[in-house]
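The structure appears right after this line, and notes come after that.
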Ligand code: F6P
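Numbering (full-length UniProt numbering), first residue to last: 532 to 725.
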């Protein structure tokens, strides 16, 4: 069976400031991660004839795969970050002080809470359906570079996690999660590259 590799974009100028969403480019540390990721993939997949790299349409994922030149790349809008609507580009602290009701509503039901003019986790899970269908058709490894909420949803699907747990799954930065379907269920390995 083919493995799937999941990773978040390298650190961006948005993650340094703890911003929700946004479309900022990588920080110097994020740039280092993009090189380490290419080295890791070269080594881990050196005996594979084919593989593909799937990423979102945001700057930070595109920059994260810039050195992954050995395999074809596919951009998916369905892999874009959860849309935070009117809160896009704000910090969590700003949301908490300027829109306390929104902040509270999200903390009470993170799975179903939909940002005003944006999305909920349930919306993200639903828009990932075509990605999952396509993934299940693949005969070669796929490296997916996408955002925290998106990877929580994909990982939650493959690891068969209850929906309520999905918004809280830990997807650390600068780490590659390898997921493989085995006879005994899902096997996973985590590689912390930085
Ligand atoms: O911090 C990175 C990020 O991908 C944000 O862009 C996004 O809004 C957030 O994580 C999702 O995590 P949470 O649902 O815990 O706010």
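Every residue gets a Cβ at the ideal spot worked out from N, C-alpha and C, and that includes glycine.
> Contact check, residue 722 vs residue 707 under 8 Å by CB: the rounded distance?
Replying inline: As a first step, residue 722 must be located in the chain shown, where it is residue number 191. As a first step, residue 707 must be located in the chain shown, where it is residue number 176. Confirmed, about 5 Å.
>> Between residue 568 and residue 666, how many whole angstroms is the CB-CB distance? I'm expecting something under 8 Å.
In response: Counting from one through the chain shown, the residue named residue 568 turns up at place 37. Counting from one through the chain shown, the residue named residue 666 turns up at place 135. Distance from residue 568 to residue 666 at the Cβ level is roughly 19 Å; contact not present, criterion being Cβ atoms closer than 8 Å.
>> What residue range does the alpha helix (DSSP H) around residue 688 cover?
In response: On the chain shown, position 157 is the one that residue 688 refers to. Per DSSP, residue 688 belongs to the alpha helix (DSSP H) from 679-689.
>> If contacts are defined as beta-carbon pairs under 8 Å, then residue 609 and residue 662 qualify, I think. What distance do you get, rounded to the angstrom?
In response: For this step, residue 609 is matched to residue 78 along the chain shown. For this step, residue 662 is matched to residue 131 along the chain shown. Indeed, because the Cβ distance is near 5 Å, the residues count as touching under 8 Å.
>> Any heavy atom of the ligand F6P inside 7 Å of the beta-carbon of residue 654?
In response: As a first step, residue 654 is located in the chain shown; it is residue number 123 there, counting from the start. No - the ligand F6P has no heavy atom lying nearer than 7 Å to the Cβ of residue 654.
>> Just to confirm before moving on: does the CB-CB distance between residue 612 and residue 587 stay below 8 Å?
In response: Taking the chain shown and counting its residues from 1, one reaches residue 612 at position 81. Taking the chain shown and counting its residues from 1, one reaches residue 587 at position 56. Against a cut-off of 8 Å, the Cβ pair of residue 587 and residue 612 comes out as a contact.
>> Going by DSSP, what residue range makes up the alpha helix (DSSP H) through residue 633?
In response: Locating residue 633 in the chain shown gives position 102, where the first residue counts as 1. Its alpha helix (DSSP H) spans residues 631-639.
> The beta strand (DSSP E) spanning residue 723 covers which residue range?
Replying inline: As a first step, residue 723 must be located in the chain shown, where it is residue number 192. Element bounds for residue 723: 716-723.
> Taking the C-alpha atoms as reference points, what is the distance between residue 578 and residue 584?
Replying inline: Numbered from 1 along the chain shown, position 47 holds the residue referred to as residue 578. Numbered from 1 along the chain shown, position 53 holds the residue referred to as residue 584. So the two alpha carbons sit approximately 16 Å from each other.
>> With a threshold of 8 Å, are at least 3 pairs of Cβ atoms found where one atom belongs to the segment 710-719 and the other to the segment 692-701?
In response: no
> If you draw a straight line from the C-alpha of residue 604 to the C-alpha of residue 592, how long is it?
Replying inline: Numbered from 1 along the chain shown, position 73 holds the residue referred to as residue 604. Numbered from 1 along the chain shown, position 61 holds the residue referred to as residue 592. Cα to Cα, the separation comes out at about 11 Å.
> Mapping DSSP to helix, strand and coil, what is residue 548?
Replying inline: Position 17 of the chain shown, counted from the first residue, corresponds to residue 548. Coil.
> If you draw a straight line from the alpha carbon of residue 617 to that of residue 653, how long is it in whole angstroms?
Replying inline: Position 86 of the chain shown, counting from 1, holds the residue named residue 617. Position 122 of the chain shown, counting from 1, holds the residue named residue 653. If you take the alpha carbons of residue 617 and residue 653, they lie about 18 Å apart.
> How should residue 537 be labelled, buried or exposed, when 16 other C-beta atoms within 10 angstroms of its C-beta is the threshold for buried?
Replying inline: Reading the chain shown from its first residue, position 6 is the one you call residue 537. It is buried - the Cβ of residue 537 has at least 16 other Cβ atoms within 10 Å.
>> Quick check: is any heavy atom of the ligand F6P less than 7 Å from the C-beta of residue 678?
In response: By 1-based counting over the chain shown, the position of residue 678 is 147. Because some heavy atom of the ligand F6P lies under 7 Å away, the Cβ of residue 678 counts as near it: yes.
> Any chance the segment 618-634 sits against the segment 681-698, with 3 or more Cβ pairs inside 8 Å?
Replying inline: no
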